[in-house]
Amino acid sequence: MKKETRIALKNLGKINPENIDDYLFHGGYQAIAVALEMQPITIIEEIEKSGLRGRGGAGFPTGIKNRFTSNSCNDCERFVVCNADEGEPGTFKDRIIMENDPHLLLEGMLISAYGIGASKGYIYIRAEYYLSIDRLKKAIESAYKRGYLGKNIMGSQFSFDLEIKLGAGSYLCGEELTLIESLEGKRGYPRIKPPFPAEKGLFGKPTLINNVETLSHFPSIITNGAEWYSNMGTEKSKGTKIFTISGNVNNPGFFEVEMGISLHSLIYDFAEGIKDGKTFKGALLGGAAGTFVDNSMLDAAMDYDKLKERGASLGSGAIIVFDENQSIYDLLYSILRFFKHESCGKCVPCRIGTAQLLSLMDKLKNEENKLEIINEILFQSEMMAKTSLCPLGQSPILPVRSAIKYFEKEIISQSIIVNNF
Ligand SMILES: Cc1cc2nc3c(=O)[nH]c(=O)nc-3n(C[C@H](O)[C@H](O)[C@H](O)COP(=O)(O)O)c2cc1C
1 MKKETRIALK NLGKINPENI DDYLFHGGYQ AIAVALEMQP ITIIEEIEKS GLRGRGGAGF
61 PTGIKNRFTS NSCNDCERFV VCNADEGEPG TFKDRIIMEN DPHLLLEGML ISAYGIGASK
121 GYIYIRAEYY LSIDRLKKAI ESAYKRGYLG KNIMGSQFSF DLEIKLGAGS YLCGEELTLI
181 ESLEGKRGYP RIKPPFPAEK GLFGKPTLIN NVETLSHFPS IITNGAEWYS NMGTEKSKGT
241 KIFTISGNVN NPGFFEVEMG ISLHSLIYDF AEGIKDGKTF KGALLGGAAG TFVDNSMLDA
301 AMDYDKLKER GASLGSGAII VFDENQSIYD LLYSILRFFK HESCGKCVPC RIGTAQLLSL
361 MDKLKNEENK LEIINEILFQ SEMMAKTSLC PLGQSPILPV RSAIKYFEKE IISQSIIVNN
421 F
């Protein structure tokens with residue numbers, strides 16, 4: 001904990017998450033008070049200047065999205081939606097925030113809603129997150145009682161209502177436009193972009209969708225200023241990020257650190273190295289829709305653009321570490337099985353493609369022409385990336401290409417061994 005820099009997790013372990021007074025005692029709801037003294041456009045400018053980028057996976061500049069949503073129409077109804085679906089394998093950071101500091105998320109949503117002129121917000125959360133849901137419900141109830149939600153918040157002209165909506169646990173419903181379909185009470189099928197949610201989102205109205213962690217940075221940015229925030233991190237990846245580290249490490253868990261930290265430091269200083277004295281073979285960065293890396297990437301900086309330049313992705317901040325004994329073939333198989341399971345079936349390239357990828361993996365195990373089959377897997381994933389309707393079908397190329405780049409020989413040799421995954 002010594003070396004962490006905590007913003008989204010600043011109150012973790014310090015407050016009772018079920019007691020609004022404790023949150024207030026630790027400076028809670030002071031940021032919205034400061035924000036309400038500012039012009040809404042100044043809020044957007046501060047978020048832009050801070051350099052904050054979306055923590056849900058895509059790393060899109062948050063301020064720009066706020067500005068788009070605010071500019072998309074005059075005096076129309078707008079919504080703020082918090083994406084608390086957290087479906088990416090290996091990711092469990094949003095749950096930590098919601099369970100331990102639900103008012104921080106509420107305050108972030110209030111600030112963002114005031115900035116863009118929204119008077120209604122939703123938190124879309126997966127139904128299995130029982131404790132998060134319970135604590136959010138209690139937080140919303142007490143915020144209403146104390147005048148931090150509802151009409152004329154803190155005596156101002158600003159009013160904001162907030163509701164929780166439960167998702168049934170489909171991975172695709174974390175994708176912003178599919179999430180909107182689900183919020184509208186429809187089946188979780190993706191919509192074609194454009195139009196983007198900032199222009200035409202929930203019920204056809206401009207909608208700002210941000211991840212839990214992203215919104216949890218708003219109060220500190222408003223209280224301490226954009227410059228304070230942008231002094232942390234790297235040139236283009238500012239502030240802090242929560243990394244969730246799992247797999248064969250001594251100290252799995254969540255760590256909030258400044259952007260730009262090396263993968264080596266995360267694994268060896270924070271997660272305390274590889275378990276049982278074994279050696280590091282590789283890691284999967286960013287979850288199922290992420291990229292495999294091997295030890296040549298241990299020096300990589302956790303920075304959206306620098307990772308991209310090296311063919312890797314930061315995604316939601318999930319890092320699944322594996323030691324010398326783990327089978328890359330099995331890991332890739334498991335990821336591709338996940339995509340097949342989660343494909344909604346709306347478009348052919350993804351519906352058929354995800355099934356074909358799995359049967360190619362089986363073929364790889366059972367047939368001799370392994371190089372040819374590997375090329376087929378690559379070709380199939382590339383075709384899916386080019387032709388699928390939404391990012392789910394466009395994702396398998398990332399783990400497939402990176403697994404082949406770093407571990408091709410091993411995938412071939414492991415596909416000969418009988419695997420018991
Ligand atoms: C298949 C898929 C699943 C996603 N799941 C999540 C999720 O669980 N939580 C999340 O915040 N973003 C998720 N996203 C990203 C969202 O579409 C969107 O980029 C994000 O909510 C925007 O918020 P941000 O800018 O604060 O990151 C997912 C994207 C895809 C393609």
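Residues in the sequence shown are numbered consecutively from 1, following my numbering. Where is the CB? At the ideal position from N, CA and C, for every residue including glycine.
(1) Which residue or residues does DSSP assign as beta-bridge partners of D362?
(2) Here's a check: name, in chain order, each residue in its chain whose Cβ is nearer than 8 Å to the Cβ of N420, leaving out the five neighbours to either side.
(3) Can you tell me whether T291 sits near ligand 1, meaning its C-beta is under 6 Å from at least one heavy atom of the ligand?
(4) So, is D75 buried or exposed, given that buried needs 16 or more other C-beta atoms within 10 angstroms?
(5) Can you list, in chain order, the residues of its chain with a C-beta nearer than 7 Å to that of K370? Leave out the 5 residues immediately preceding and following it.
(6) With a Cβ-Cβ cutoff of 7 Å, do E107 and A31 count as a contact?
(7) Report the rounded CA-to-CA distance for I222 versus I133, giving the unit in angstroms.
(8) Along the chain, where does the alpha helix (DSSP H) containing F379 start, and where does it finish?
(9) By DSSP, does F339 sit in helix, in strand, or in coil?
(10) Would you mind sorting M109 into buried or exposed? The rule is 16 or more other CB atoms within 10 Å of its CB.
(11) Going along the chain, which residues of its own chain have a beta-carbon closer than 6 Å to the beta-carbon of G345, five neighbours each way excluded?
(12) Can the beta-carbon of G290 be found less than 7 Å from the beta-carbon of M259?
(13) Give me, in chain order, the residues of the same chain whose beta-carbon lies closer than 6 Å to that of A355; leave out the 5 immediate sequence neighbours on both sides.
(14) What does the alpha-carbon distance come out to for the pair K186 and F92?
(15) How many whole angstroms separate the CB atoms of V427 and G117, which I take to be in contact at a CB cut-off of 8 Å?
(16) Pull up the distance between the alpha-carbon of P17 and that of N100, whole angstroms please.
(17) Give a single yes or no on whether F60 has its beta carbon closer than 6 Å to a heavy atom of ligand 1.
(18) Closest to T214 by CA distance: which of Y406, P61, F160, N19 is it?
(19) Would the region 187 to 195 count as touching the region 389 to 400 if we require 3 or more Cβ pairs under 8 Å?
Here's the rundown:
(1) According to DSSP, which records beta bridges pairwise, D362 is partnered with nothing at all.
(2) Here the model assigns N420 a pLDDT of 49, short of 50, so the residue's position is not dependable, and the following value carries that caveat. Closer than 8 Å at the Cβ level, and outside the excluded window around N420, lies no residue.
(3) no
(4) exposed
(5) L364, I412, S415
(6) yes
(7) 26 Å
(8) 370 to 387
(9) helix
(10) buried
(11) R351
(12) no
(13) K340
(14) 26 Å
(15) In the structure as shown, the chain starts at 1 and stops at 421, and residue 427 therefore has no counterpart that could be examined.
(16) 5 Å
(17) yes
(18) P61
(19) yes
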